[in-house]
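In the numbering used here, the protein residues as written are 972 to 1097. Note sheet for the following structure.
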């Protein structure tokens, strides 16, 4: 009668094209998105952008892009190289499930599972 539900973290479902638009928009504005862990077809992936070296100024010249264990210097190379289930990220048929955002040293730096409100604003599952 008075059951208590365990607080479960909500899931964020977002179209891959929307996620790529956010990453590109931040890059165009001299900002790095940080890392995002997501799931697609029950497989986990990490991608995003960061400033390298870590203590450098946040500007286009110092922003690198990450997908899994690979680092890319240009957004175009990064977007082209993201292949999931033998398809480019922009050709995926289903949306992505964001698990964590703002990951540094394997730890989420934000309290919500996705952190960035822009991701939540683009959510498919509002």
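Glycine included, every Cβ here is placed at the ideal spot set by N, Cα and C. Given the structure is predicted, the values throughout are model-derived calculations rather than measurements.
- For residue 1053, which residues from the same chain have a beta carbon less than 7 Å from its beta carbon, with the 5 sequence-adjacent residues on both sides left out? 1018, 1038, 1059, 1060
### Task
Would you check if the distance between the CB atom of residue 1021 and the CB atom of residue 1035 is smaller than 8 Å?
yes
Contacts around residue 1076, its chain only, beta-carbon distance under 6 Å, and the 5 residues preceding and following it disregarded:
Its pLDDT being 49, under 50, residue 1076 is placed unreliably in this model, and the coordinates cannot settle the point.
Residue 1094 and residue 1005 - do their beta-carbons sit closer together than 8 Å? no
**Report entry** Exposure label - residue 1056; buried when at least 16 CB within 10 Å
**Finding:** exposed
**Distance, residue 1092 Cα to residue 1014 Cα** = 24 Å
By how many angstroms is the C-alpha of residue 1024 removed from the C-alpha of residue 983? Between residue 983 and residue 1024, the alpha-carbon positions lie close to 30 Å from each other.
**Message:** I'd like the list of long-range same chain contacts for residue 1029, defined as Cβ closer than 8 Å, with 5 residues on each side in sequence excluded.
**Reply:** 1001, 1002, 1003, 1022
- Tell me whether residue 996 sits in a helix, a strand or coil according to DSSP, three-state version. The answer is helix: DSSP assigns residue 996 an H, G or I state.
| message | Rounded to the nearest angstrom, what separates residue 949 and residue 997 at their Cα positions? | response | Here the chain comprises residues numbered 972 to 1097, so residue 949 is not present and cannot be evaluated.
- Any idea if residue 1048 is buried or exposed, counting beta-carbon neighbours within 10 angstroms, 16 or more meaning buried? exposed
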